[in-house]
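*Asks:* Quick one: structure below, then a few questions.
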Amino acid sequence: MIYNSCFDIIGPIMVGPSSSHTAGVVAIGKFVHDFLGGVPERVFIVLYDSFAETYKGHGTDKAIVGGLIGMDTNDLRIRQAMETAFLRNMRVEFAFEETCPFFDHPNTVLIRAKRGNDEVLIGGVSLGGGISKICYMNGLPVNVMLNASYDLEQLKQFALEASVCGAVVRSRGYGLQNHAGIA
Amino acid sequence: MDFKTMQELLDCCEQQQLSIAEVMLQRESQISGRSRQEIIDMMKDRLITMKEAVDAGVSDASKTSSGISGGDAVLMGRYRENGDSLSGELISDAMRFAFATSETNARMGVIVATPTAGSAGILPGCLFSLHENAGLTFEQLVMGLFTASAIGYVIANQSFISGAAGGCQAEVGSATAMAAAAIVELKGGSPRQAVEATAISLKSMLGLVCDPVAGLVEVPCIKRNVIGAAIAFSAADLGLAGICSRIPCDEVIGAMYEIGKNMPRTLRETALGGLATTPTGQQMKSRVLNARQEYPPCHVGTGSGLIHYPSDGAAD
Numbered sequence: 001m002i003y004n005s006c007f008d009i010i011g012p013i014m015v016g017p018s019s020s021h022t023a024g025v026v027a028i029g030k031f032v033h034d035f036l037g038g039v040p041e042r043v044f045i046v047l048y049d050s051f052a053e054t055y056k057g058h059g060t061d062k063a064i065v066g067g068l069i070g071m072d073t074n075d076l077r078i079r080q081a082m083e084t085a086f087l088r089n090m091r092v093e094f095a096f097e098e099t100c101p102f103f104d105h106p107n108t109v110l111i112r113a114k115r116g117n118d119e120v121l122i123g124g125v126s127l128g129g130g131i132s133k134i135c136y137m138n139g140l141p142v143n144v145m146l147n148a149s150y151d152l153e154q155l156k157q158f159a160l161e162a163s164v165c166g167a168v169v170r171s172r173g174y175g176l177q178n179h180a181g182i183a
Numbered sequence: 001m002d003f004k005t006m007q008e009l010l011d012c013c014e015q016q017q018l019s020i021a022e023v024m025l026q027r028e029s030q031i032s033g034r035s036r037q038e039i040i041d042m043m044k045d046r047l048i049t050m051k052e053a054v055d056a057g058v059s060d061a062s063k064t065s066s067g068i069s070g071g072d073a074v075l076m077g078r079y080r081e082n083g084d085s086l087s088g089e090l091i092s093d094a095m096r097f098a099f100a101t102s103e104t105n106a107r108m109g110v111i112v113a114t115p116t117a118g119s120a121g122i123l124p125g126c127l128f129s130l131h132e133n134a135g136l137t138f139e140q141l142v143m144g145l146f147t148a149s150a151i152g153y154v155i156a157n158q159s160f161i162s163g164a165a166g167g168c169q170a171e172v173g174s175a176t177a178m179a180a181a182a183i184v185e186l187k188g189g190s191p192r193q194a195v196e197a198t199a200i201s202l203k204s205m206l207g208l209v210c211d212p213v214a215g216l217v218e219v220p221c222i223k224r225n226v227i228g229a230a231i232a233f234s235a236a237d238l239g240l241a242g243i244c245s246r247i248p249c250d251e252v253i254g255a256m257y258e259i260g261k262n263m264p265r266t267l268r269e270t271a272l273g274g275l276a277t278t279p280t281g282q283q284m285k286s287r288v289l290n291a292r293q294e295y296p297p298c299h300v301g302t303g304s305g306l307i308h309y310p311s312d313g314a315a316d
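Here the protein sequences line up with chains A and B, keeping their order.
In terms of full-length UniProt numbering, the first sequence has 174 at position 174, counting the first letter as 1, and numbering is strictly consecutive.
In terms of full-length UniProt numbering, the second sequence has 24 at position 24, counting the first letter as 1, and numbering is strictly consecutive.
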């Protein structure tokens, strides 16, 4: 069951305007922030499908950057996330694609982020109502629900292994092309 | 005590002689290990945030940053004060508070997703109108939120609650159904009557597409929330009158899932069809988007330079 708690339905408490295109995306960005242990200095964000078509109206760009800076879904500073990113020397680039090659859902995002020597490639999907999950990590599929608890250290280990194994899977043509230099 | 369908929910209620709200509260306590009081307090926090969003919206006549909405909660308030509204105080206030919440949401204010932000106006609209006009206490409204969450929990897991996945029927439809059930229980109706009201309200929303102008959660989303609040009261009245849906609630939810799956991509929150592509919708879009920040064009094909930083130049 994707939605488990009554607070998955009544909640999150969040900055508008969209639970899937704003709050759920903040959570994905925040995951990357926590994964890297701080604000990345360089990110590349690919928004797919519904995200790509409507990100401006929903503040999806601000939301993902706000999360990457470390903000929570109810943080009013999300409104100024772009300016904050600039002031904190975070270099942000965006791309927009029609369909996502690694997960079949209209609300998907791929983030490549670098902080110091650490770099990671993470795919997230916002499932609706502010609930999201991480579905792709360094070339391999994963399934990490962000409304449940998870073991970050274990995921870091997985990411490290995925960056090696991923190359094998990809060479067989199952996954995305991936040339990310993973630390 | 768990349930996946409305029938199972009703079985839980009827076997143990409990309301839907009480079943959901006990279930939450079981799965989270939190005490009853702790869970009630968490829900109360959400109710208070909802009230703050309503209060911010009812008196704010400003336009949203896009300029395409805002100020209607205030207009509705003036109309309501004249005391001459056709739908009466209860529904007029529900519509006013729904406006207030959805306008606050569009202004990027803090709201509570119920079940989504795009449909966040309906439940607070109905609940706070019951508080103002029918004397319901905040404690009672909190229980209404548990009723609503049980309904949303079944719909979300059996079907969907986001416009991108299943159209507006999944968002405003789910929220209206949740509100209808909450109203029924708050007015002393049985769990079965609440589920019938759920089915009746959801049926009247089936097929509703998600076609936001310029991709904003404003046109038509805000007014759909407002009308959703009115439908919730109508459906609750039907439920309380003992009127049943001829199609069982679980089958209605199944139908919503089927319809959503068959809905074209253009009508699922992509702003590529419906009202979004009307001449006026298109004009609004170009006005709004011209005023906003653009990113340099950067379309990279899948399987080539997808995950390279564009400013490094396309590798591969």
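Just so you know, even glycine gets a beta-carbon here, dropped at the ideal spot from N, CA and C.
From a predicted model like this one, the values you see are computed outputs, not experimental measurements.
#1: Under 8 Å between beta-carbons, which chain A residues line up against residue 403 (chain B)? List them in chain order, please.
#2: Which ranges would you report for the beta strand (DSSP E) in the stretch 63 to 132 of chain B if only whole runs of at least 3 residues count?
#3: Could you check whether the Cβ of serine 163 (chain A) sits closer than 8 Å to any Cβ belonging to chain B?
#4: Considering only the alpha carbon of each residue, which of B:Tyr257, B:Ala230 and B:Ala182 lies closest to leucine 86 (chain B)?
#5: Less than 8 Å between C-beta atoms, sequence neighbours within five positions excluded: which residues of the same chain meet that for glycine 273 (chain B)?
#6: Candidates B:Leu238, B:Lys261 and B:Ser62: which alpha carbon is nearest lysine 187 (chain B)'s?
#7: Just to make sure I have the definition right: I need the residues of chain A whose C-beta is within less than 8 Å of the C-beta of asparagine 105 (chain B). Which are they?
#8: Could you give the residue range of the beta strand (DSSP E) that holds isoleucine 122 (chain A)?
#9: Using CA atoms only, rank isn't needed, just tell me which of A:Glu41, A:Met1, A:Asp49 and A:Phe35 is closest to phenylalanine 103 (chain A).
#10: So what does DSSP say about asparagine 290 (chain B), is it helix, strand or coil?
#11: In chain A, which residues lie with their C-beta within 7 Å of the C-beta of proline 115 (chain B)?
#12: For leucine 202 (chain B), return the contacting residues in chain A, with the cut-off set at a CB-CB distance below 8 Å.
#13: Answer yes if the stretch 106 to 114 of chain A comes into contact with the stretch 36 to 50 of chain A, meaning at least three C-beta pairs across the two stretches below 8 Å, and no otherwise.
#14: Mind checking if alanine 23 (chain A) is an interface residue toward chain B, Cβ cutoff 8 Å exclusive?
#15: Taking DSSP's pairing of strands, which residues face cysteine 210 (chain B) in a bridge?
#16: Excluding the five sequence neighbours on either side, which residues of its own chain have a C-beta within less than 6 Å of the C-beta of threonine 22 (chain A), listed in chain order?
#17: What would DSSP say about isoleucine 13 (chain A), mapped onto helix, strand or coil?
#18: Within this structure, are the beta carbons of valine 195 (chain B) and alanine 181 (chain B) separated by less than 8 Å?
#19: Starting from the beta carbon of glutamate 196 (chain B), find every residue of chain A whose beta carbon is closer than 7 Å, and list them in chain order.
#20: Measure the Cβ-Cβ separation of valine 219 (chain B) and isoleucine 122 (chain B) and say whether it is below 8 Å.
#21: Looking at the structure shown, is tyrosine 309 (chain B) part of a helix, part of a strand, or coil, going by DSSP?
#22: At a cut-off of 7 Å, is methionine 205 (chain B) close to the ligand PLP when judged by its beta-carbon and the heavy atoms of the ligand?
#23: For arginine 172 (chain A), is the classification buried or exposed, using 16 other Cβ atoms within 10 angstroms of its Cβ as the cut-off for buried?
#24: Give the DSSP-derived three-state secondary structure of methionine 1 (chain B) in the structure shown.
#25: What are the partner residues of arginine 42 (chain A), as DSSP defines its beta bridges?
#26: Please report the distance separating the alpha-carbon of serine 234 (chain B) from that of phenylalanine 128 (chain B).
#27: Return yes when the Cβ of proline 17 (chain A) is within less than 8 Å of the Cβ of asparagine 105 (chain B), no when it is not.
#28: Cβ of arginine 172 (chain A) less than 8 Å from any chain B Cβ?
#29: Enumerate in chain order the residues of its own chain whose CB-to-CB distance from asparagine 29 (chain A) is below 6 Å, with the five nearest sequence positions on each side excluded.
#30: Whose C-beta lies closer than 6 Å to the C-beta of isoleucine 200 (chain B) among residues of the same chain, with five residues either side of it excluded?
#31: If I measure Cβ to Cβ from serine 162 (chain B) and keep anything under 7 Å in the same chain, skipping five residues before and after, which residues do I get?
#32: Is the CB of residue 327 (chain B) under 8 Å away from at least one CB in chain A?
#33: Strictly under 8 Å for the Cβ-Cβ distance: is glycine 124 (chain A) near chain B by that measure?
#34: Note down, in chain order, every chain B residue with its Cβ under 9 Å from the Cβ of glutamate 53 (chain A).
#35: Apart from the five residues just before and just after arginine 224 (chain B), which ones in its own chain have a Cβ nearer than 7 Å to its Cβ?
#36: Using 10 angstroms around the beta-carbon of asparagine 178 (chain A), count the other beta-carbons present and answer buried if the total reaches 16, otherwise exposed.
*Replies:* Well, looking at it:
#1: Here chain B covers residues 1 to 316 and nothing more, so residue 403 (chain B) does not appear.
#2: Listed in chain order, they are 110 to 112.
#3: Position 163 of the first sequence holds residue 163 (chain A). Residue contact check for serine 163 (chain A) against chain B: no CB pair falls below 8 Å.
#4: Stepping through the second sequence from its first residue, residue 86 (chain B) is reached at position 86. Each of B:Tyr257, B:Ala230 and B:Ala182 was checked against the Cα of leucine 86 (chain B), and the nearest Cα belongs to B:Ala230.
#5: Taking the second sequence and counting its residues from 1, one reaches residue 273 (chain B) at position 273. Shown here for glycine 273 (chain B): same chain residues with a beta carbon closer than 8 Å to its own, the five before and five after excluded, namely Val209, Asp211, Pro264, Thr266 and Leu267 in chain order.
#6: As a position in the second sequence, residue 187 (chain B) is number 187, starting the count at 1. Residue B:Leu238 is the option with its Cα nearest to lysine 187 (chain B).
#7: Taking the first residue of the second sequence as 1, we reach residue 105 (chain B) at position 105. Under the 8 Å cutoff, chain A gives Gly16 and Pro17.
#8: The residue labelled residue 122 (chain A) in the question sits at position 122 within the first sequence. Start and end: 118 to 128.
#9: Start at 1 with the first residue of the first sequence, and residue 103 (chain A) comes out as number 103. For the residues A:Glu41, A:Met1, A:Asp49 and A:Phe35, the minimum Cα distance to phenylalanine 103 (chain A) belongs to A:Asp49.
#10: What you label residue 290 (chain B) is simply residue 290 of the second sequence in a count that begins at 1. It is helical.
#11: On the second sequence, residue 115 (chain B) is found 115 positions in, with the first residue counted as 1. The answer, in chain order, is Ile9 and Gly129.
#12: On the second sequence, residue 202 (chain B) is found 202 positions in, with the first residue counted as 1. Per Cβ cutoff of 8 Å: no residues; leucine 202 (chain B) is ~15 Å from chain A at best.
#13: Yes: the two stretches touch, three or more of their Cβ pairs being nearer than 8 Å.
#14: Residue 23 (chain A) sits at position 23 when you count from the first residue of the first sequence. Chain B has a Cβ within less than 8 Å of the Cβ of alanine 23 (chain A).
#15: On the second sequence, position 210 is the one that residue 210 (chain B) refers to. Answer is B:Arg268, bridged to cysteine 210 (chain B).
#16: Your numbering for residue 22 (chain A) matches position 22 in the first sequence. Annotation for threonine 22 (chain A): His58, Gly59 and Ala63 place their beta carbon closer than 6 Å to its own, counting only its chain and skipping 5 residues before and after.
#17: For the purposes of this step, residue 13 (chain A) is identified with residue 13 of the first sequence, where counting begins at 1. Isoleucine 13 (chain A) carries a strand assignment under DSSP once its states are collapsed to helix, strand and coil.
#18: Walking along the second sequence from the start, residue 195 (chain B) turns up at place 195. Walking along the second sequence from the start, residue 181 (chain B) turns up at place 181. Taking 8 Å as the Cβ cut-off, valine 195 (chain B) and alanine 181 (chain B) qualify as a contacting pair.
#19: Residue mapping note: residue 196 (chain B) aligns to position 196 of the second sequence, counting from 1. The contact set of glutamate 196 (chain B) on chain A, defined by CB atoms closer than 7 Å, is empty, because the minimum CB distance reaches about 20 Å.
#20: In the second sequence, the residue the question calls residue 219 (chain B) occupies position 219. In the second sequence, the residue the question calls residue 122 (chain B) occupies position 122. In this structure, valine 219 (chain B) sits away from isoleucine 122 (chain B), with a CB-CB distance that is not shorter than 8 Å.
#21: Your numbering for residue 309 (chain B) matches position 309 in the second sequence. It is coil, neither helix nor strand.
#22: Of the ligands one can find in the structure shown there are none, so the ligand PLP has no counterpart to examine.
#23: If you number the first sequence from 1, residue 172 (chain A) lands on position 172. In this predicted model, arginine 172 (chain A) has a pLDDT of only 44, less than 50, meaning its place in the structure is not dependable; the value taken from the coordinates is given anyway. So arginine 172 (chain A) ends up on the exposed side.
#24: Numbered from its first residue, the second sequence carries residue 1 (chain B) at position 1. Residue state, collapsed to three classes: coil.
#25: Mapped onto the first sequence, residue 42 (chain A) falls at position 42. Residue pairing by DSSP puts arginine 42 (chain A) in a beta bridge opposite A:Arg91 and A:Lys114.
#26: The residue you call residue 234 (chain B) lines up with position 234 of the second sequence. The residue you call residue 128 (chain B) lines up with position 128 of the second sequence. Approximately 17 Å, taken between the alpha carbons.
#27: The sequence position of residue 105 (chain B) within the second sequence is 105, counting from 1. The sequence position of residue 17 (chain A) within the first sequence is 17, counting from 1. The Cβ-Cβ distance between asparagine 105 (chain B) and proline 17 (chain A) falls below 8 Å.
#28: Within the first sequence, the letter at position 172 stands for residue 172 (chain A). With a pLDDT of 44 at arginine 172 (chain A), under the threshold of 50, the modelled position of this residue cannot be trusted, and the question is left open.
#29: For the purposes of this step, residue 29 (chain A) is taken as the residue at position 29 of the first sequence. For the sequence presented, residue 29 (chain A) should be read as glycine rather than asparagine. Listed in chain order, the non-local C-beta contacts of glycine 29 (chain A) below 6 Å within the same chain comprise Ile64, Gly67 and Leu68, local neighbours out to five positions each way being set aside.
#30: In the second sequence, counting from the first residue as 1, residue 200 (chain B) sits at position 200. Only Ala235, Leu238 and Ser245 meet the Cβ criterion.
#31: The count along the second sequence starts at 1 and reaches residue 162 (chain B) at position 162. Excluding sequence neighbours, serine 162 (chain B) sits near Thr116, Ala170 and Glu171.
#32: This structure gives no information on residue 327 (chain B), because the portion of chain B shown stretches from 1 to 316.
#33: For the purposes of this step, residue 124 (chain A) is taken as the residue at position 124 of the first sequence. Not closer than 8 Å to any Cβ of chain B, the Cβ of glycine 124 (chain A) fails to qualify, so no.
#34: In the first sequence, counting from the first residue as 1, residue 53 (chain A) sits at position 53. Correct list: Gly215, Glu269, Thr270, Ala271 and Leu272.
#35: As a working note, residue 224 (chain B) is residue 224 in the second sequence. Excluding residues within five positions, the ones whose Cβ falls inside 7 Å are Cys168 and Val172.
#36: By one-based count along the first sequence, residue 178 (chain A) stands at place 178. Because asparagine 178 (chain A) sits at a pLDDT of 41, beneath the cut-off of 50, its placement in the model cannot be relied upon, and the point is left open.
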